[in-house]
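Colleague: Starting off with a structure, shown below.
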Amino acid sequence: FYHAYSKIGSKAPRIDAKQARKLYEKMYELHKKGLLSACSSVGAGGIAMTLAKMAIAGQKGASIDISKIPNESLSPEKILYSESQSRFIVSINPENKKAFENEMNDFSITRIGIVKNNKFKIKNKNKTMINITISDLDKIYRARFRDF
2 FYHAYSKIGS KAPRIDAKQA RKLYEKMYEL HKKGLLSACS SVGAGGIAMT
52 LAKMAIAGQK GASIDISKIP NESLSPEKIL YSESQSRFIV SINPENKKAF
102 ENEMNDFSIT RIGIVKNNKF KIKNKNKTMI NITISDLDKI YRARFRDF
């Protein structure tokens, strides 16, 4: 985020290594139990890029509301592009919702959206920030690899 705007970030994210390890182990456990339809750790590009790559990989749309994310009064752009560590985006079948929530009792989780149709839409409350078809999103993403 800061690189794109030629700025230097003011705070490096803090990581609780023990809690991070517990979270990664839990994600692995939930995967083995078949409770996750999709799962990706948040990395370069923040949740915006993670969500986009997941949508492209699954060729499924999503409707996301970033106002649901606990954010300590961060701007919508920082919420979308923050590269804070030890965060995951997961997709679960509605039938697994209760089991997933029970398994995640020791962790902070937030439902930010749903998988649906062929549109990739991110909004902040009622303000649409991104609204694109999966096929257009896929073309834009893959265009950067054209020369490789």
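For what it's worth, the working numbering labels the leading residue of the sequence shown as 2, then goes sequentially. No residue lacks a Cβ here, since even glycine has one placed at the ideal position from N, Cα and C.
1) For Lys69, I'd like the list of residues in its chain whose CB is within less than 6 Å of its CB, leaving aside the five on either flank, ordered along the chain.
2) What residue from Thr51, Arg22 and Asn97 has the CA that sits closest to Lys34's CA?
3) Please state whether DSSP places Asn125 in a helix, a strand or coil.
4) Quick one: give me the first and last residue of the beta strand (DSSP E) that Gly114 is part of.
5) Taking the straight line between their C-alpha atoms, what separation do you get for Met28 and Arg22?
6) Could you spell out where the alpha helix (DSSP H) holding Ser136 opens and where it closes?
7) Considering only DSSP beta bridges, list what Ser92 is partnered with.
8) Determine the burial state of Ser76: buried for a count of at least 16 other Cβ atoms within 10 Å of its Cβ, exposed for fewer.
Modeller: Let's see:
1) Cβ contact annotation for Lys69 (same chain, cutoff 6 Å, sequence separation greater than five): Thr111 and Ile113, in chain order.
2) Checking every option, the nearest Cα to that of Lys34 belongs to Asn97.
3) The three-state secondary structure of Asn125, taken from DSSP, is strand.
4) Taken as a continuous stretch (DSSP letters only), the beta strand (DSSP E) holding Gly114 covers Gly114 to Val116.
5) Using only the alpha carbons, I get a separation of about 10 Å.
6) Start and end: Ile135 to Ala144.
7) The partner list for Ser92 (beta bridge, DSSP) reads Ala39.
8) So Ser76 counts as exposed.
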